[in-house]
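Report on the structure given below.
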């Protein structure tokens, strides 16, 4: 049996921008939709705009926000980052891989890490997004 979970989102999490569930549970498995560095107010974390109109992306800040957003979603679902089994990560620029990987280790460095696939893509749904991650996790202790 599959349960969709689109209840009132936690205050610390942004609302989905489309008609999709933030997460779904099937048996003891939780599937988390692609998560970005979007903040509850709709802004994207890790975007630095200069007075000259230039834009820079802080990939560690975006990665931290994405993983914290996933952590909040998993909490809603009754799990935690430690319950992640597999994550698929999308980066817009392959030059960001080292910074992404170092930040990843802040979250998964001292435990048995999940499997991970990292894909470089041409773009993400918003031009200020440099990182997106989707996750598969288990229910606590399953």
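Residue numbers (the numbering used here): 1 to 142.
For glycine and all other residues, C-beta sits at the position ideal for the given N, C-alpha and C.
Using C-beta distances below 7 Å, list every residue in its chain close to residue i, excluding the 5 sequence neighbours before and after it, in chain order.
i          : result
residue 38 : 14 and 44
residue 62 : 37, 45, 46, 130 and 131
Taking the beta carbon of residue i as the centre, do at least 16 other beta carbons fall within 10 Å, making it buried, or is it exposed?
i          : result
residue 94 : exposed
residue 46 : buried
residue 80 : exposed
residue 89 : buried
Once the 5 residues before and after residue i are set aside, which same chain residues still bring their CB inside 8 Å of it?
i           : result
residue 111 : 82
Per DSSP, which one or two residues make a beta bridge with residue i?
i           : result
residue 90  : 119 and 132
residue 102 : Residue 102 pairs with nothing; no bridge assigned.
residue 38  : 44
So, helix, strand or coil for residue i, using DSSP?
i           : result
residue 139 : coil
residue 46  : coil
residue 72  : helix
residue 85  : strand
residue 79  : coil
Start and end of the beta strand (DSSP E) containing residue i?
i          : result
residue 20 : Element bounds for residue 20: n/a, residue is neither H nor E.
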